[in-house]
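K.L.:
This is the structure I have questions about; it appears just below.
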Amino acid sequence: MNIAVVSYSYTGNNEALAESVAKELMAKHIKVSVKKPITMGSIVMDMLFSRMPKVLPAPDILRQYDFILFFGPVWMGQAASPLRAYLNELKQNPKPYGFLSISGGADGGNPKLSNELLRRTGKQPSILIDQHIAELISPDNPTSRKETSAYRINKNDVNRLTKAAVERIRQSSLYNL
Ligand SMILES: Cc1cc2nc3c(=O)[nH]c(=O)nc-3n(C[C@H](O)[C@H](O)[C@H](O)COP(=O)(O)O)c2cc1C
Numbered sequence: 137m138n139i140a141v142v143s144y145s146y147t148g149n150n151e152a153l154a155e156s157v158a159k160e161l162m163a164k165h166i167k168v169s170v171k172k173p174i175t176m177g178s179i180v181m182d183m184l185f186s187r188m189p190k191v192l193p194a195p196d197i198l199r200q201y202d203f204i205l206f207f208g209p210v211w212m213g214q215a216a217s218p219l220r221a222y223l224n225e226l227k228q229n230p231k232p233y234g235f236l237s238i239s240g241g242a243d244g245g246n247p248k249l250s251n252e253l254l255r256r257t258g259k260q261p262s263i264l265i266d267q268h269i270a271e272l273i274s275p276d277n278p279t280s281r282k283e284t285s286a287y288r289i290n291k292n293d294v295n296r297l298t299k300a301a302v303e304r305i306r307q308s309s310l311y312n313l
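Shown next as structure tokens:
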């Protein structure tokens, strides 16, 4: 199966995990870049007004692959806006996909994420992993937004999360097609 790992990352957490998972699966890693610089202001505007930033490479690159694994942060309860054009591409040319994220989780889960993915792609993800930083930092105690925002993934967490993600991906019936 021809797998593409497609990642966008603002502060590096999701990129580090995507890189490691792609290596483990020997999958092509496509790093998304945005034509206009992303700022806190542009993030808020994208989320409030459902804007779709222009990205590179062109989203039709996904046509070359059978299974797409997206990695990116959750912003204001939604998948990071630079992934939108690629999610939209899957609506035009459906294929199985997974969505994996290291998100903050300081305010609880991201309950609207799965519906958003369904709305944007027309299909539920085959794999959805939303790993909260709050759980990584302190599984038993509440964690503040300040703490989750300051977190930068370390080697131990990359290795641990890669193992868990790869196990889930390999268990997926699609992986063995
Ligand atoms: C503007 C903004 C909004 C965010 N909103 C959420 C959110 O709704 N839910 C959540 O779990 N994390 C949220 N986060 C935290 C990020 O998902 C988290 O820091 C993530 O690990 C960043 O990934 P990156 O390093 O790959 O950019 C938000 C971060 C920013 C900057």
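172 is the number that my numbering gives to position 36 of the sequence shown; each next residue is one higher, with no gaps. Note that the Cβ used here is the ideal one computed from N, Cα and C, for glycine as well.
If we ignore side chains and look at the alpha-carbon of each, how far apart do Y146 and M188 end up?
P.N.:
16 angstroms
K.L.:
Could you compute how far the alpha carbon of I263 sits from the alpha carbon of L161?
P.N.:
Across the structure, I263 and L161 are spaced so that their CA atoms are roughly 15 angstroms apart.
K.L.:
D182: buried (16+ other C-beta within 10 angstroms of its C-beta) or exposed?
P.N.:
Buried is the call here.
K.L.:
By how many angstroms is the C-alpha of N290 removed from the C-alpha of P232?
P.N.:
P232 and N290: Cα-Cα distance of roughly 30 angstroms.
K.L.:
Within 10 angstroms of the Cβ of T279, are there 16 or more other Cβ atoms? Answer buried if so, exposed if not.
P.N.:
That one is buried.
K.L.:
Do the region 147-159 and the region 230-248 touch if we need at least three Cβ pairs shorter than 8 angstroms?
P.N.:
yes
K.L.:
Could you pull the start and end residues of the alpha helix (DSSP H) that K190 belongs to?
P.N.:
For K190, there is no enclosing alpha helix (DSSP H), since its DSSP letter is neither H nor E.
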